[in-house]
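The structure appears right after this line, and notes come after that.
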Amino acid sequence: MLELSTAVQFVKGIGPRVAAVLEQKGVSTVEDLLYYLPFRYEDRQNPRAIDELVPGEMATVIAEVRSAGLFRTRSGMWIFNLVVGQGTQSLTAMWFHGQYMRDRFKPGQVLALYGRVEQSESKRVGRLKLIQPQVEVLSGPQEAGEEALPEDLAAQSLEIGKIVPIYESAGSGKLTSRWFRRVIHGALAQLTPEVADGIPRAVRARMELAPRREAFQKAHWPDPETPSADLDARRTPAHRRLIFEELFYLEVGLELKRKRMREQPGIEFTAGDAVRAAVKKILPFHPTNAQKRVLGEVVADMKANTPMRRLLQGDVGSGKTIVALQAAVVAIENGYQVALMAPTEILAAQHYLSARRVLEPLGYRVLLLTGSLEPDTKRTARRHIAQGNAQIVIGTHALIQESVEFAKLGLVIVDEQHRFGVMQRFRLMKKKSDEKDPDVLVMTATPIPRTLALTLYGDLDVSVLDELPPGRTPVVTRRVNDERAGEVWEFVRKQVQAGNQAYVVYPVIEERTPEGQVEEESAGGAARATAGGTPALRKKKRTQLALPGSEAAETATKTSGLKAAEKMYNELRKKVFPELRVGLLHGRMDADLKDVTMKRFGRGEIDVLVSTTVIEVGVDVPNANVMVIEHAERFGLSQLHQLRGRIGRGTAKSYCVLMTSHKVTTEGEERLETMVRTNDGFEIAEKDLEQRGPGEFFGTKQAGMPAFRVANLIRDRQLLEAAKKEAAALVAGASPDVTRAEAMTVMEHLRAHWQRRYGLVEVG
173 MLELSTAVQF VKGIGPRVAA VLEQKGVSTV EDLLYYLPFR YEDRQNPRAI DELVPGEMAT
233 VIAEVRSAGL FRTRSGMWIF NLVVGQGTQS LTAMWFHGQY MRDRFKPGQV LALYGRVEQS
293 ESKRVGRLKL IQPQVEVLSG PQEAGEEALP EDLAAQSLEI GKIVPIYESA GSGKLTSRWF
353 RRVIHGALAQ LTPEVADGIP RAVRARMELA PRREAFQKAH WPDPETPSAD LDARRTPAHR
413 RLIFEELFYL EVGLELKRKR MREQPGIEFT AGDAVRAAVK KILPFHPTNA QKRVLGEVVA
473 DMKANTPMRR LLQGDVGSGK TIVALQAAVV AIENGYQVAL MAPTEILAAQ HYLSARRVLE
533 PLGYRVLLLT GSLEPDTKRT ARRHIAQGNA QIVIGTHALI QESVEFAKLG LVIVDEQHRF
593 GVMQRFRLMK KKSDEKDPDV LVMTATPIPR TLALTLYGDL DVSVLDELPP GRTPVVTRRV
653 NDERAGEVWE FVRKQVQAGN QAYVVYPVIE ERTPEGQVEE ESAGGAARAT AGGTPALRKK
713 KRTQLALPGS EAAETATKTS GLKAAEKMYN ELRKKVFPEL RVGLLHGRMD ADLKDVTMKR
773 FGRGEIDVLV STTVIEVGVD VPNANVMVIE HAERFGLSQL HQLRGRIGRG TAKSYCVLMT
833 SHKVTTEGEE RLETMVRTND GFEIAEKDLE QRGPGEFFGT KQAGMPAFRV ANLIRDRQLL
893 EAAKKEAAAL VAGASPDVTR AEAMTVMEHL RAHWQRRYGL VEVG
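In structure tokens, the structure reads:
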């Protein structure tokens with residue numbers, strides 16, 4: 173018999189070589205194999221007679237091979253033709269590029285075929301056909317006088333006569349869906365009858381969970397009467413059990429992290445009259461009620477004797493930075509240093525300038541440390557940090573280098589934190605000078621839906637700035653076709669003539685790189701490129717990735733009609749706005765030139781700034797009230813919202829114009845419609861999460877996103893909430909109906925599975 177912990181290589185039909193292939197899919201034990209669930213199901217319970225078939229339906233047919241052959245079309249494509257029959261009725265099956273099928277079938281074999289029925293153009297053989305059907309040989313050629321009984325054959329098959337699971341193939345397609353059906357069916361047959369269930373009995377009863385072994389069986393091989401809608405939505409009792417189990421263990425792990433963090437010694441900052449007076453001095457305006465509330469939450473954490481671990485969410489323009497600087501003043505007034513890490517040099521520079529403007533008049537020393545600084549400058553900066561001369565240090569990844577040592581680090585602030593790998597944040601947190609961990613405040617202007625926050629940041633306390641400062645008005649957003657570009661440019665001209673400024677954003681820097689690729693900006697300003705869907709490559713200091721949005725990767729190589737920032741800068745400067753001052757900004761520019769350009773735009777010396785997404789974060793020019801985004805259909809929802817957040821920061825009414833090409837995908841239309849309909853960042857984030865899924869919303873490696881095997885954060889929100897509630901009660905010892913032995917069983921399961929399944933979250 174097989175146990176769940178048995179190595180997968182000992183399952184019949186696998187062995188060491190295939191086990192190595194499965195390992196790449198995260199399948200190393202029998203339990204992993206059983207968690208390799210079908211991604212869809214096909215109802216093949218009722219094989220059809222050929223004369224009952226109707227064009228357009230999906231159908232299962234059991235029939236005998238009559239003839240088979242390979243022919244070539246005029247275009248040179250090989251097609252494999254198979255004619256099968258039942259009595260006097262016949263049916264054609266066709267496979268494109270079917271050379272591999274040449275010697276597979278012999279007359280007299282009985283086959284099971286499943287696929288979509290279509291009308292046949294041929295009048296010679298049958299009136300119907302199946303295109304690329306799934307096929308299984310059920311028996312060899314019949315003996316003379318012997319008749320095959322379809323119902324008997326179907327009963328012996330894993331392919332016909334039941335609801336059939338469809339699996340994602342593995343090993344470059346060598347481990348097919350049919351292979352997984354046979355191997356998993358065999359594994360379930362050999363699995364020990366008694367499967368340990370780590371979820372406490374009382375929790376199982378409250379949640380009405382199916383037994384674990386039964387859940388595995390029916391998730392792979394559903395009962396015949398199971399509604400197809402429930403299978404598609406993963407709402408069967410079997411799926412519900414496995415989904416809850418995965419979310420429950422994840423949330424228990426996060427609750428344990430939270431508990432351990434609260435048991436660690438932290439810095440007890442004081443916040444007396446002198447500190448409060450210092451904090452008030454840096455406020456440039458009357459704070460909103462939301463800012464007051466959030467600052468109160470942050471200061472309360474800082475005063476506690478355990479390390480603060482708080483996530484500060486706020487839509488673009490909600491005033492997160494000033495709250496962070498107030499927290500920094502609390503730490504500095506207590507004699508500690510503050511580190512603020514940003515993902516890009518341009519954002520770090522913006523924070524540096526803002527911090528100097530706010531903090532230096534009070535006598536605090538602000539220092540900038542980025543990778544592009546001259547070696548001598550970096551050495552001097554590191555010396556001041558180590559000696560404690562710099563009270564707030566702002567920088568990029570340069571802050572986490574081993575050569576950077578802090579004299580007395582008390583507060584770590586991470587901005588746009590989802591762009592950092594979890595280990596990078598962890599390394600900065602560990603640059604402490606004594607046994608006490610520094611407080612950590614992570615910020616994001618990308619609103620994170622609650623379901624995602626419960627998993628990515630389940631061990632953090634969350635504060636939300638849900639109120640815009642006075643004077644901020646919603647941006648008016650319109651979507652137009654690029655045929656109306658003339659009207660758009662005339663509108664921009666009138667706004668500039670009225671004393672305002674404008675951004676014009678493009679997805680790519682230049683039309684074609686020397687390698688023949690389209691190059692564009694990533695969210696943080698690094699150049700990105702795609703060539704016909706090839707894997708991401710790294711060249712010099714550029715990161716080359718796929719284009720944003722949901723467009724097919726291969727479209728990146730088709731540069732016709734795809735406008736680029738450098739070319740359009742010249743066209744706008746010379747032909748469209750010859751009387752205006754037009755500037756250019758993109759991620760490949762020299763850091764000093766970028767800085768000069770942004771300062772000129774901030775001083776009003778540039779009327780129209782042509783840019784890539786390098787302006788997505790950290791750019792604050794109140795006089796800029798117009799943004800035109802060309803090829804808007806090529807951007808993701810959150811990215812469009814971030815870009816739009818660069819305007820609407822002054823008193824003038826602001827406008828965002830989304831210009832699109834003629835061909836926009838259905839998904840693209842949904843994104844654009846959402847942008848026009850709402851300015852609510854959380855609504856936009858929810859829609860973005862629905863479209864892209866959590867793995868794309870934040871890249872798994874960058875965000876520490878757990879790799880769910882069954883659960884889906886969008887679909888399974890209610891189960892996630894229930895799992896979190898049960899997990900919190902268990903860890904807090906607030907579940908009197910859960911025995912100590914049961915709680916220990918949960919902990920043992922976590923110890924055995926946590927690092928392997930959720931290792932990225934471990935250091936979150």
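Numbering (this note's numbering), first residue to last: 173 to 936.
All C-beta atoms in this analysis are idealised placements derived from N, C-alpha and C, irrespective of residue type, glycine included.
| message | Measuring only the C-alpha atoms, how far is residue 423 from residue 579? | response | 36 Å
| My guess is that residue 588 and residue 617 are in contact by the Cβ rule of under 8 Å, so how many angstroms apart are they, rounded? | 7 Å
| field | Residue span of the alpha helix (DSSP H) that contains residue 505, given as start and end | value | 492–505
| According to DSSP, which residues form a beta bridge with residue 653? | 832
| field | Host alpha helix (DSSP H) of residue 234 (start-end) | value | Taken as a continuous stretch (DSSP letters only), residue 234 belongs to no alpha helix (DSSP H), being part of the beta strand (DSSP E) at 230–244.
| said: Out of 531, 225, 518 and 491, which one is the CA nearest neighbour of residue 938? | reply: A query on residue 938 cannot be resolved here, the shown segment of the chain reaching from 173 to 936 and no further.
| request: Tell me where the beta strand (DSSP E) around residue 268 begins and ends. | output: 261–268
| So is residue 672 buried or exposed if we call it buried at 16+ other beta carbons inside 10 Å? | buried
| Three-way DSSP call (helix, strand, coil) for residue 212 in this model | strand
| said: Please report the distance separating the alpha-carbon of residue 651 from that of residue 911. | reply: 59 Å
| message | Checking the sheet assignment: what are the DSSP bridge partners for residue 301? | response | 264 and 290
| task | Alpha carbon to alpha carbon, how far is residue 250 from residue 239? Give it in angstroms, no decimals. | result | 17 Å
| said: Threshold first: 4 residues or longer. Then list the alpha helix (DSSP H) segments lying entirely within the stretch 393–457, N to C. | reply: 400–404, 409–435 and 445–453
| field | Complete runs of the alpha helix (DSSP H) confined to the stretch 883–917 [at least 4 residues] | value | 889–903
| query | Pick from 758, 741 and 822: whose alpha carbon is nearest that of residue 750? | reply | 741
| query | Which class does residue 646 belong to by DSSP, given the choice of helix, strand or coil? | reply | coil
| query | What are the boundary residues of the alpha helix (DSSP H) that residue 362 is part of? | reply | 349–362
| Based on the DSSP output, what are the partners of residue 250 in its beta bridges? | 244
| request: Give every residue of the same chain whose Cβ lies closer than 6 Å to the Cβ of residue 231, excluding the five residues on either side of it in the sequence, and list them in chain order. | output: 220, 225 and 289
| query | Apart from the five residues just before and just after residue 536, which ones in its own chain have a Cβ nearer than 7 Å to its Cβ? | reply | 504, 563 and 564
| request: Give the range of the alpha helix (DSSP H) segment to which residue 471 is assigned. | output: 461–475
| message | Below 8 Å, how does it come out for the stretch 799–812 and the stretch 847–860: are there three or more Cβ pairs, yes or no? | response | yes
| In whole angstroms, what is the alpha-carbon distance linking residue 368 and residue 411? | 18 Å
| query | Three-state secondary structure (DSSP) at residue 183? | reply | coil
| Since residue 513 is in the beta strand (DSSP E), which residue starts that stretch and which ends it? | 509–513
| query | Under the three-state reduction of DSSP, which class applies to residue 226: helix, strand or coil? | reply | coil
| Cβ-based neighbour list, residue 180, same chain, cut-off 7 Å, excluding 5 preceding and 5 following | 186, 191, 194, 199, 200, 201, 202, 204 and 205
| message | Do residue 209 and residue 405 have their beta-carbon atoms positioned less than 7 Å apart in this structure? | response | no
| At least three beta-carbon pairs within less than 8 Å, the stretch 828–843 to the stretch 790–797 | no
| request: Check the C-beta distance from residue 451 over to residue 498 and give it rounded, since I have them as a contact under 8 Å. | output: 5 Å
| request: Measure the alpha-carbon distance for residue 542 versus residue 365 and round it to whole angstroms. | output: 60 Å
| field | Euclidean distance between Cα positions of residue 917 and residue 760 | value | 54 Å
| Local conformation of residue 860 per DSSP, three classes | helix
| request: Would you grab the beta carbon distance between residue 396 and residue 334 for me? Rounded to a whole angstrom, and I think it's under 8 Å. | output: 7 Å
| request: Put residue 812 into one of helix, strand or coil per three-state DSSP. | output: helix
| said: Give me, in chain order, the residues of the same chain whose beta-carbon lies closer than 7 Å to that of residue 527; leave out the 5 immediate sequence neighbours on both sides. | reply: 497, 538, 564 and 566
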